[in-house]
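For the sequence shown, our numbering begins at 3 and goes up steadily by one.
Think of the CB as a built atom: it goes at the ideal place given N, C-alpha and C, for glycine as much as any other residue.
Fair warning: this is a prediction, and the values are worked out from it, not measured in the lab.
Worksheet: the structure to be examined is printed underneath.
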Amino acid sequence: MFMILAHHFIVHNGYGVLKLPLGPERIFFQLVMAGGGKVGVVIFFSISAWFFLDKEQTIKSNLKRVWIMERELLFWSLILVMFYLVFDRADLSMKLMAKSVMPLSMGVWWYATAYAIFLTLLPFLAKGLKELGREYHLALAATVLVIWGLTSFIPKTLGDSALTGVFGFIYLFILISAYKWYMKPFTTKQVWLMTGIGLGFFLLYTAVSATLSLLGHDMGIFITSSWKLPVIMVGFGMFLLFDRVTFHSRVINRIAQSAFAVYLITDYAASEKLLWVRLFNLQNLYQQPLAILRILGILLAIYAACTLLDFIRQALFAVTIDRRRGHWFDLLCSKAAKHMHNHSSID
3 MFMILAHHFI VHNGYGVLKL PLGPERIFFQ LVMAGGGKVG VVIFFSISAW FFLDKEQTIK
63 SNLKRVWIME RELLFWSLIL VMFYLVFDRA DLSMKLMAKS VMPLSMGVWW YATAYAIFLT
123 LLPFLAKGLK ELGREYHLAL AATVLVIWGL TSFIPKTLGD SALTGVFGFI YLFILISAYK
183 WYMKPFTTKQ VWLMTGIGLG FFLLYTAVSA TLSLLGHDMG IFITSSWKLP VIMVGFGMFL
243 LFDRVTFHSR VINRIAQSAF AVYLITDYAA SEKLLWVRLF NLQNLYQQPL AILRILGILL
303 AIYAACTLLD FIRQALFAVT IDRRRGHWFD LLCSKAAKHM HNHSSID
């Protein structure tokens, strides 16, 4: 989530990173911060997908997940609307205000909306992939790797536009499930190799980007965009490396519970303007001594502040709607089941 936050600092900043002179700072901002965010998304999703594969997915349990997530989205969208109405009306548009009443269906946060659709499709997707069996599932994984994996190296091909949001999740889920169900686990050496090759492509395309800059064509590092194969290789590789390490930390688990809230608070459209255009504009920051360390320090402070804010939300939820978590959803389901049963008995 910290990688994702660093990515947003660069891509939503009021001062485009390509306006900076070519040098170590700009390459760090583009490669590590902007590129790292896309790796962060792969890791963030891989954690969920990995554990989904351990148990059977039911329609009811997944809709309940969406329901529970929607409560958090609604809480933050309404709190943020009130905050910006009172303290910073300039950054709050009427459109955003209207969308914030129904954050999930209005797509206030792309990840949340795409993830909710993915969760809704997941029971069918998991069952369908299981039914394919080993041979066909591995063939499907190979096919999507050829279609989107290989084309992701070449600009203006399929790998550019066809994979967005929920479809990116499905693509990744096909690959992760094929690995977990049917493949012999990679050795630690193989995982390092996969991650290293991915990083090698990052560096190769960074060199191309820097060369083009010197020739007067300032452009981003193409290979660090969403769902590119090297991004998946590095992200999934990092996930597998951490999966091999066993340690327990109550502190980390406690902080991790608020990782999603850091995304929701900072990636709200009005917050993007306040944080990255007005308060922490790259134009003012990059010329200062130890600019990179300063920026990482600012991001860490923002992360900590959002985490503390979410602790307050969790405490509020604990004494209110979480006393019987998902109770309304269960009531709704039993009512719907009763209604259907009555109808079928009348028929």
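CB of residue i within 9 Å of CB of residue j, strictly
i	j	result
Trp52	Asp269	no
Ala261	Met3	yes
Thr197	Gly239	yes
Leu55	Ile178	yes
Leu82	Ser251	no
Gly200	Leu231	yes
Leu284	Ile12	yes
Arg315	Trp78	yes
Tyr86	Leu318	no
Ala263	Glu74	yes
Gln32	Gly218	no
Gln59	Pro125	yes
Tyr265	Tyr17	no
Ile257	Leu311	no
Ala212	Leu22	no
Asn15	Trp278	yes
Leu174	Phe313	no
Arg325	Asp93	no
Own chain, CB closer than 8 Å to residue i, minus 5 neighbours either side, in chain order
i	result
Phe30	Ile294
Thr350	Residue 350 cannot be examined here, being either before or after the span of the chain that is shown, 3 to 349.
Leu298	Ala8
Leu147	Leu177, Leu231
Leu214	Asp220, Met221
Lys57	none
Thr145	none
Arg136	Trp183, Tyr184
Chain C contact for residue i (CB, 9 Å cutoff)
i	result
Leu205	No chain C is present in this structure, which holds just one protein chain.
Same chain only: Cβ atoms within 6 Å of residue i, ignoring 5 sequence neighbours per side
i	result
Asp220	Leu20
Gly42	Met5, Ile6
Gln259	none
Phe120	Val168, Phe171
Pro157	Phe224
Buried versus exposed, by CB contacts within 10 Å (16 or more), residue i
i	result
Met84	exposed
Ser80	Here the sequence assigns Leu to residue 80, which means Ser is not the residue at that position. With fewer than 16 Cβ atoms within 10 Å of its Cβ, Leu80 is classed as exposed.
Ile350	Any question about residue 350 goes unanswered here, given that the chain covers just 3 to 349.
Thr309	buried
Arg28	buried
Ser95	exposed
Thr208	buried
His10	buried
Ala339	exposed
Val34	buried
Phe249	exposed
Ala408	Outside the shown range of the chain, which is 3 to 349, sits residue 408, and nothing can be said about it.
Leu216	exposed
Leu242	buried
Phe89	exposed
Ala116	buried
Integer Cβ distance of residue i from residue j, believed to fall under 8 Å
i	j	result
Leu127	Ala118	Going by Cβ atoms, the distance from Leu127 to Ala118 rounds to 14 Å, so no, they are not a contact pair.
Ser228	Gly151	Their Cβ separation, rounded to whole angstroms, is 13 Å, which puts Ser228 and Gly151 out of contact at 8 Å.
Ile225	Phe204	6 Å
Gly237	Ile45	5 Å
Leu142	Ile172	Going by Cβ atoms, the distance from Leu142 to Ile172 rounds to 11 Å, so no, they are not a contact pair.
Lys40	Val168	16 Å between Cβ atoms; not a contact.
Arg296	Leu302	That pair is no contact at about 11 Å.
His139	Tyr184	6 Å
Leu98	Ala320	That pair is no contact at about 29 Å.
Contact set for residue i: own chain, Cβ-Cβ below 7 Å, skip 5 residues either direction
i	result
Ile300	Phe282
Leu101	According to the sequence shown, residue 101 is Lys rather than Leu. Counting only Cβ-Cβ distances below 7 Å, and skipping sequence neighbours, we find Met108, Val110.
Gly130	none
Arg246	Thr190
His341	none
Gly38	Met5, Ala8, His9
Leu76	Pro105
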